[in-house]
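Chemist:
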Amino acid sequence: MLARLKSSSIYAYLRQIKYRRQRQAFNAQPKTTLAQMRAVLLDDLQIAQGDALLVHCGFGFLHADFTPKQLLELLKQIVGPTGTLAMPFYPPGLSQDWLKAGRIFDSAHMRCGTGVLAQTLADDEHSHISIHPIKAVAAWGQHSRLITAHHQRSQTPYDAHSPYYLLAQLEHSKSIGLGVRNCSMVHCAEDLYEQDLGYLYGDKPFAATVIYEGKQHRVTTFVHDIREPLMESSTFFDLHCPQLVTLSQRLVSPCYAIDNSKLLPQCQQLFAQNISRKKS
Numbered sequence: 000m001l002a003r004l005k006s007s008s009i010y011a012y013l014r015q016i017k018y019r020r021q022r023q024a025f026n027a028q029p030k031t032t033l034a035q036m037r038a039v040l041l042d043d044l045q046i047a048q049g050d051a052l053l054v055h056c057g058f059g060f061l062h063a064d065f066t067p068k069q070l071l072e073l074l075k076q077i078v079g080p081t082g083t084l085a086m087p088f089y090p091p092g093l094s095q096d097w098l099k100a101g102r103i104f105d106s107a108h109m110r111c112g113t114g115v116l117a118q119t120l121a122d123d124e125h126s127h128i129s130i131h132p133i134k135a136v137a138a139w140g141q142h143s144r145l146i147t148a149h150h151q152r153s154q155t156p157y158d159a160h161s162p163y164y165l166l167a168q169l170e171h172s173k174s175i176g177l178g179v180r181n182c183s184m185v186h187c188a189e190d191l192y193e194q195d196l197g198y199l200y201g202d203k204p205f206a207a208t209v210i211y212e213g214k215q216h217r218v219t220t221f222v223h224d225i226r227e228p229l230m231e232s233s234t235f236f237d238l239h240c241p242q243l244v245t246l247s248q249r250l251v252s253p254c255y256a257i258d259n260s261k262l263l264p265q266c267q268q269l270f271a272q273n274i275s276r277k278k279s
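For the sequence shown, numbering that gives the first Met the number 0 assigns the number 0 to the initial residue and increments by one for each residue that follows.
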């Protein structure tokens, strides 16, 4: 009965009304100023000079009165010349569909699927993008070349050759979310420490073409092919390691920070106890 109700046109119509009202309420909120964003980063999340940040951003959820470029410049200013910024730079759509279609990853001629801030970072003349067809990283700062140098060697996208792991090895490495609570570093923990990757990845790797600095590279990678329902990273953190999460509710949407040097060992311990993102 419930399944039939959820598939009905009436249910769809009621959902549209609900989301329209939510959007109207969201738009009625005061715009977020750059000064408020600075306070979130400095005071709430304790971001500082020299930090190495893996940034996730839902710019639309910030309800900002500033541009993505202004936010990027603020982040650069806060971490300073000894800091590093990195952001997931994925192709649009589902990774599996992208690979099956034989698409070529060329960061210079495509718009990424991970948001306008990541695209703004990738467009920066001083940024570097890792060589990977589905889970590339755009990076800026002191260690940007170091962390993006070996991604083409990764068998799974977030393993020990990936920018995610290499960034986590830097001093003062943090994952942050601005307007969102998803966290790519949990995938890195899974690639490193899960004993059974079978429920996360398909049976066979894909070979795909990446264009980097005008040259073609052939990269082989496994792709997520989820075979069991998984909880979101935020739910996993809230249930199993809430002490690691610094959460700010200052804005209309939440922002968070996590110390990567604590997150990865904690995940390793949890996985050893057979605690994962699998839904029971």
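We put the CB at the ideal spot given by N, CA and C, even for glycine.
None of these values were measured; they are calculated from a predicted model.
Does DSSP put Asp190 in a helix, in a strand, or in coil?
Modeler: Taking the first residue of the sequence shown as 1, we reach residue 190 at position 191. Looking at Asp190 - three-state DSSP - the assignment turns out to be helix.
Chemist: Quick one: complete beta strand (DSSP E) runs, 3+ long, within the stretch 44-86?
Modeler: Counting whole runs of 3 or more residues, the stretch 44-86 contains the beta strand (DSSP E) stretches 51-56.
Chemist: Just how far apart, CA to CA, sit Cys56 and Gln265?
Modeler: To locate residue 56, count along the sequence shown from 1; it is residue 57. To locate residue 265, count along the sequence shown from 1; it is residue 266. C-alpha separation (whole angstroms): 24 Å.
Chemist: Answer yes or no: do Lys68 and Thr31 have a C-beta to C-beta separation smaller than 8 Å?
Modeler: Residue numbering aside, residue 68 sits at position 69 when the sequence shown is read from its first letter. Residue numbering aside, residue 31 sits at position 32 when the sequence shown is read from its first letter. Cβ distance not < 8 Å, so Lys68 and Thr31 don't count as in contact.
Chemist: Which value, in whole angstroms, describes the spacing of the CA atoms of Tyr198 and Ala137?
Modeler: The residue you call residue 198 lines up with position 199 of the sequence shown. The residue you call residue 137 lines up with position 138 of the sequence shown. Roughly 28 Å separates the two Cα atoms.
Chemist: Going straight from the alpha carbon of Leu40 to that of Ile46, what length do you get?
Modeler: Counted from its first residue, the sequence shown places residue 40 at position 41. Counted from its first residue, the sequence shown places residue 46 at position 47. Their backbone Cα atoms lie some 6 Å apart in a straight line.
Chemist: What separation, rounded to the nearest whole angstrom, lies between the Cα atoms of Asp202 and Lys99?
Modeler: In the sequence shown, residue 202 corresponds to position 203, counting from 1. In the sequence shown, residue 99 corresponds to position 100, counting from 1. Distance between the alpha carbons of Asp202 and Lys99 is about 14 Å.
Chemist: Got a sec? Which residues, its chain only, sit under 8 Å from Met109 by beta carbon, not counting five neighbours each side?
Modeler: Within the sequence shown, residue 109 is the residue found at index 110, counting from 1. For Met109, where only same-chain residues beyond five positions count, the Cβ hits under 8 Å are Pro90, Pro91.
Chemist: Using C-beta distances below 7 Å, list every residue in its chain close to Gly176, excluding the 5 sequence neighbours before and after it, in chain order.
Modeler: Taking the first residue of the sequence shown as 1, we reach residue 176 at position 177. Closer than 7 Å at Cβ, skipping near neighbours: His55, Cys182, Cys254, Tyr255.
Chemist: Going by DSSP, name the residue or residues bridged to Gly140.
Modeler: As a first step, residue 140 is located in the sequence shown; it is residue number 141 there, counting from the start. Answer by DSSP bridge pairing, in chain order: Thr83.
Chemist: Helix, strand or coil for Asp202? Go by DSSP, reduced to three states.
Modeler: Within the sequence shown, residue 202 is the residue found at index 203, counting from 1. Here Asp202 sits in coil by DSSP.
Chemist: Alpha carbons only, please: which of Phe221, Val244, Arg276 is nearest the one belonging to Pro228?
Modeler: Position 229 of the sequence shown, counted from the start, is the residue given in the question as residue 228. The shortest C-alpha separation from Pro228 is found at Arg276.
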